[in-house]
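Throughout the sequence shown, residue numbering follows the working numbering, covering 1 to 624 in sequence.
Since the structure comes first, as structure tokens, the remarks are kept for the end.
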Amino acid sequence: MCGICGMTWSDAALVQRMAERLAHRGPDQEGEYCAEGISLGHRRLSIIDLSEKGRQPICNEDRTVWLVANGEIYNFQELRRELEQQGHRFTSQSDSEVIVHAYEEYGPEAVDRLRGMFAFALYDSTKRRLLLVRDRMGIKPLYYAECRVDGEPALIFASEIKAMLEYRGLERRVNAQALYDYLGFEFVPAPQTMFAGIRKLPAGHLALFEHGQLALRQYWDLSFAPGKHPSFPESVERLREQLDFAVKSHLVADVPLGVFLSGGLDSSCIVALMRRHIGGPLKTFTIGYKDATFSELDYAAIVAREFGTEHQVLYLDSLNADYVEQTLYHLDEPMTDLSTVPLYLLCKQAREQVTVCLSGEGADESFAGYDRFKASRLNRCFSLLPAALRHRLVGPLVERLPDQPQKKGAINMLKRFVEGALLPEDGGHLRWQYFLNKHLERRLFQDSFRTAINGDPFWQLREYARKAGAADAVNREIYLDLRFMMTDSVLMKVDRMSMASSLEIRVPLLDHVLVSFLASLPGDWKLHRMTTKYIFRAALEGLLPDKIVHRGKQGYSLPVKHLLRGQLRDYMVERLHSSAILREYMHMDAIDTLIEEHTAMRQNHNHTLWALLNVAIWHDRFFN
């Protein structure tokens, strides 16, 4: 895994500063290439071909095509053999070099032949063309901004925003619309960022910059087009084969590998399949808490014993505020996933022993594993109640119920269900992942903020829903999870927290061939009645212990609601009260009321308070 950066003008000093900002992504090697009309920078975390020959930027035989790449190409050996047969000469054993020669042979369409996780920048000096590409699922990040240099249109890009901020020609301004969207969804949806003028290249897209013009094109999307599919038993067998191939292909490396083991279905599946192909020691890492409702340690231990792994546990029941600030620095923009800090600490621990870890991200999206899929199905019954009864009686009554101390629980689940069900229907199943409502907005937002934003909370979702093209409701919801939410929430978190410790995380369950196969199957095979991951569980019968196969989803996250009432309360109050951006956009008396209600345990406002705290920390770090 690596960090890349560059711009469409020559500035060796700037590209070096940018690359230095990315040193945590690639501590092993650094390299720059500068010529008329281009500067490319690279920081390398050596994974495949550890020699100097793997150093980037890397070029073709006549030095007319130059590349900086981040990620892994898992089918590089197959592509290399194909390209060598066509006369291409390679100088390294690096997987990235195949991109250069594939571009020579196929042009920008070479991306269709790549199987992996990647973000890369390729400069063709003969055409004076810069090509930016991001992988199909958006596993690896890439940011860019249009600007003008010496009066001419130009482009600057990097793996992380902080590197781009080294260019003083980029004005630092808050994107008010992104802030609003973040407060609702708890992440910033692409192509926006929290910095006005800086954009994310969306997943499955490429960008061509030539003759002063920038053109974006989507080269891949997930297809749910109806068609014939095998029977359920045949599909189960094909799924087993696809899972095994995906995991096996992700094991290629010249450095030690491990795996994150939560004890859930997804990570346990990866451990079991890795054990098929790794006969020697296999290191597993997990995190846990004393509060069993936030912990999966017992299940992780079962899997570790079953497959004979060297299992290590990181216990986390207290939290140093410095860790929160460190995660915000590496994230570049607020993102409120409650597992971010635990993942950051787990990555730091794992990096002491391995360079690569496999992880189970993606299965909850592809197999309809989240509770919100079940909530959407239950809502069909709830919506039969008259609207007045739902909004004027059920909603207020449920809101008054006291918060339970555990992570889940009947009352907590009921409150969250009703809160989501009362939001506008065009939010679909993502209503249950949305944490604003019009009442809270009226309390919290100043008029100046209201006038600066489009206050339609689900304006982006309608476009994604239109593009889904799925015949059944579950598959339409899966599309929203995979294409709207996962990339800029889950995958952004995973990339930043791992790269902060120079650790590569691979996500075999997001292999695009596997994901495409799953998209061809009926939604009812994924959410069957109220059983999530139905076909996934069927495929894992006999591979994993029954106790693991048939357990419900828990997930690991930080017990933030307790921390904001205890250890982090004073820190939170100080940060919120001193924040310039909150004073500008929010009513501070409303924030004080939220704090008081939360700490008195009358209401659980942890999502809103944690989101605001992240905004305050982020703004202080990048604007002061």
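Where a beta carbon is used, it is the ideal one built from N, C-alpha and C, also for glycine.
Here the structure is a predicted model, which is why all the values come from computation and not from measurement.
Close beta carbons around residue i, own chain, < 7 angstroms, minus the five adjacent residues each side
i: Glu61; result: Arg89
i: Asn437; result: Leu423
i: Pro545; result: Ile302, Glu306
i: Val236; result: Ile535, Ala538, Ala539
Rounded C-alpha distance that separates residue i from residue j
i: Glu399; j: Phe449; result: 27 angstroms
i: Ser489; j: Arg431; result: 16 angstroms
i: Arg372; j: Tyr479; result: 14 angstroms
i: Glu30; j: Asp481; result: 36 angstroms
i: Gln603; j: Leu155; result: 47 angstroms
i: Tyr143; j: Pro191; result: 9 angstroms
i: Leu646; j: Met601; result: Here the chain comprises residues numbered 1 to 624, so residue 646 is not present and cannot be evaluated.
i: Ala301; j: Tyr534; result: 24 angstroms
i: Phe76; j: Glu463; result: 35 angstroms
i: Thr327; j: Asp495; result: 12 angstroms
i: Pro342; j: Thr284; result: 16 angstroms
i: Arg134; j: Val68; result: 13 angstroms
i: Ala387; j: Gln433; result: 21 angstroms
i: Tyr299; j: Ile548; result: 7 angstroms
i: Glu477; j: Leu514; result: 18 angstroms
i: Ser51; j: Leu206; result: 30 angstroms
i: Leu208; j: Arg380; result: 45 angstroms
i: His391; j: Arg442; result: 17 angstroms
i: Leu314; j: Leu393; result: 45 angstroms
i: Met117; j: Pro141; result: 10 angstroms
i: Val377; j: Thr309; result: As written in the sequence, residue 377 is Arg, which differs from the Val given in the question. Rounded to the nearest angstrom, the two C-alpha atoms are 38 angstroms apart.
i: Ala19; j: Ala500; result: 14 angstroms
i: Phe195; j: Ile595; result: 28 angstroms
i: Thr193; j: Ala465; result: 22 angstroms
Contacts around residue i, its chain only, beta-carbon distance under 8 angstroms, and the 5 residues preceding and following it disregarded
i: Leu79; result: Ile73, Val98, Ala102, Arg113, Leu114
i: Trp610; result: Thr336, Leu338, Val560, Leu564
i: His669; result: For residue 669 there is no data in the structure shown, the boundaries of the chain being 1 and 624.
i: Asp221; result: Gly204, Lys467, Arg483
i: His598; result: Lys561, Leu564, Arg565, Asn604, His605, Asn606, Leu609
Three-state class that DSSP yields for residue i in the structure shown
i: Asn606; result: helix
i: Arg679; result: Past the boundaries of the shown model lies residue 679; the chain is included only from 1 to 624, so the question cannot be answered.
i: Ala203; result: coil
i: Lys127; result: coil
i: Trp66; result: strand
i: Leu40; result: strand
i: His598; result: helix
i: Met335; result: coil
i: Arg583; result: helix
i: Glu52; result: helix
i: Ile58; result: strand
i: Leu214; result: strand
i: Phe224; result: coil
i: Phe367; result: coil
i: Leu273; result: helix
i: Ala35; result: strand
i: Ile617; result: helix
i: Tyr323; result: helix
i: Gln29; result: strand
i: Gly184; result: helix
Exposure of residue i, with buried meaning 16 or more beta-carbon neighbours within 10 Å
i: Asn624; result: exposed
i: Glu333; result: buried
i: Pro396; result: exposed
i: Leu385; result: exposed
i: Glu631; result: Given a span of 1 to 624 for the chain in the structure shown, any question on residue 631 remains unanswerable.
i: Gly552; result: exposed
i: Pro559; result: buried
i: Pro57; result: buried
i: Gln86; result: exposed
i: Leu635; result: In the structure as shown, the chain starts at 1 and stops at 624, and residue 635 therefore has no counterpart that could be examined.
i: Val255; result: exposed
i: Phe435; result: buried
i: Leu461; result: buried
i: Leu414; result: exposed
i: Ala368; result: buried
Contact set for residue i: own chain, Cβ-Cβ below 6 angstroms, skip 5 residues either direction
i: Arg55; result: Gln29, Gly31
i: Ser39; result: Gly6, Met7, Ser10, Asp11, Val15
i: Gly362; result: Val507, Leu509, Leu510
i: Gln93; result: Asp49
i: His311; result: Thr284, Ala304
_Report the start-end ranges of each alpha helix (DSSP H) in the segment 98-174 that is 4 residues or longer and not cut off at the edges._
161-164
*Taking only runs of the beta strand (DSSP E) that begin and end inside the segment 434-490, which ones reach a length of at least 3 residues, in chain order?*
none
_Complete runs of the alpha helix (DSSP H) confined to the segment 280-312 [at least 4 residues]_ = 297-307
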